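Here my numbering is used: the first residue of the sequence shown is 1143, the next is one more, and so on.
Comments concern the structure below.
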Amino acid sequence: MPAPSPDARKPGDPAFPSGRRADALGFVLGAGPFLAWAWRHAAPGLTFHDSGEFALAADCWGVPHPPGAPTWVLLAGIFRHLGPWTDAARATNLFSGLLGAVTVGLAVVVVRRALAGGDDDRGPAPLLGGLAAGAILAGCRAFLDQAVVTEQYTLLTALGLAVVLAAGDLAAAAARGRPAARHPLLLGLLWGLACGNHLSQLVLGAVVVGAVLAAGRPTGRGRLVALVAAGFGLGSLVFVAMMLRARTNPALDWGHVADPGRLVWALARRGWETRSLGEVPDGFFAAWLRTLAPWRQLGPLALACAVAGMGLLVRERRRTWAWGGAAVVAYAVGIAVATGRQVGIGLDYIRHYGVADWHLPLYVAAAIAGGWGVGRLLGRGGPGRGSCPALAVGVLLVGALLAAGWSARREA
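Written as structure tokens, this is what we have:
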């Protein structure tokens, strides 16, 4: 008996889209308004910190500071040179806004798909839960800051969510039978590109491992591992492209990574002076934790939704979410330790400059949890039951989350 179409509805089901139509609708509703906001308010030119360096890298296809972020340079360079932009800094500011919008849209889709796996697929809960996640992210101060200037962090969040979606696709394909080769290949490719943007994204290996374990029977996991590894290798070719570009002496060539030895030097960040954990200044990690500031970054309503969602996830003991949680925890610990060991980052840096940009994956995880919590609470009546009240409550809640982020968007 053929499987039902993902967009099929039974007579009497609520007139809500499901499957690919709901994904497309959710992505557009999340990404479209955010893109309009980000491009309206993008910085007009050069900004601060690494922005000038990255804008120059995109302009000349150069090599910024180790480990070089070749994925970002490649994509930003294409955007800068194919668009009608006369100023590299302005172009890359807009590029950050575009990727911020993609992140918001993907957050909506991730939560919608996760909720649609339950009984309430055809009701309003999955889509409204996804839109709640997008609204939480669109009100996060650190995320908004990074969406209007030149930096690599909105690409980091977009690729991270793309890996999560690809992992879900692999597991879903396996549930229908033997997954096609394209599913693990795409998962590995996206993971490789994510690591080519920022090596911290090696932590996404937890999500990849979870997907392979969920998708492959013991006799089929070897094939999946090989295909994921092949895709990862393809994505990692961006580092080879960086080496080749360094040999042409571009205007920006940090470290001249023109051979494998210099590439290893860059990937290991040997150009940065480090210290042992015992030499970290007193109070450093406490100050680092305070910079998370979830109350300020997310706001009380979004934070309440995130806490409720995390509570429901723990209560339901979902293994697929546990792998994502492991990646988030590994990222947080790894970034804290790495910044603590870097000599150039002291208490003054943490207190006055801040590290909110490094926390972006944590805020994205909070938004996903918040959207999950909203969707689960709205969908408790089951399919077709109470859809009108759920719709009204859901729309009001999403509207309240958007309104709560208004002050953050004004500041940005």
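We put the beta carbon where it would ideally sit given N, CA and C, even for glycine.
If you're wondering where the values come from, they're calculated on a predicted model, not measured in any experiment.
| Check | Outcome |
| --- | --- |
| Is Ala1150 buried or exposed, if buried means 16 or more other CB atoms sit within 10 Å of its CB? | Reliability of the predicted coordinates at Ala1150 is poor, the pLDDT of 43 falling under 50, and the value obtained from them is presented with this limitation in mind. With fewer than 16 other Cβ atoms within 10 Å, it is exposed. |
| Asp1246 lies in the alpha helix (DSSP H); which residues open and close that run? | One point to set straight first is that residue 1246 is Val, not Asp, in the sequence displayed. Element bounds for Val1246: Ala1230 to Ala1258. |
| For Asp1395, which residues does DSSP report across the bridge? | Val1205 |
| With a threshold of 8 angstroms, are at least 3 pairs of Cβ atoms found where one atom belongs to the region 1263-1276 and the other to the region 1214-1224? | no |
| Using a Cβ-Cβ cut-off of 6 angstroms (strictly less than) and excluding sequence neighbours within five positions of Glu1415, which residues of its own chain qualify? | Val1485 |
| Just to confirm my understanding: we take Ala1429, look at its own chain, exclude 5 residues before and 5 after, and list those with CB closer than 8 angstroms. What are they? | Leu1489, Ile1492 and Arg1493 |
| Could you tell me whether the region 1192-1207 touches the region 1309-1318, using the rule of 3 or more Cβ pairs below 8 angstroms? | no |
| From Leu1100 to Arg1438, what does the alpha carbon distance come to, in whole angstroms? | Any answer about residue 1100 is impossible in this case: the structure gives the chain only from 1143 up to 1554. |
| Taking its Cβ as the centre, do 16 or more other Cβ atoms sit within 10 Å of Asn1391, making it buried, or is it exposed? | exposed |
| CA-CA distance, Phe1237 and Pro1531? | 39 angstroms |
| Going by Cα to Cα distance, which pick from Val1497, Ala1249 and Leu1405 is closest to Ala1511? | Ala1249 |
| DSSP on Thr1416, reduced to helix/strand/coil? | strand |
| Check whether the region 1174-1188 and the region 1287-1304 are in contact - that is, three or more C-beta pairs closer than 8 angstroms. | yes |
| Would you tell me roughly how many angstroms separate the C-alpha atoms of Tyr1295 and Ala1317, rounded to the nearest one? | 33 angstroms |
| Any idea what DSSP makes of Gly1524, helix, strand or coil? | No answer about Gly1524 holds up, because its pLDDT of 45 lies below 50 and its placement is not dependable. |
| Can you tell me whether Val1516 is buried or exposed, with buried defined as 16 or more other CB within 10 angstroms of its CB? | buried |
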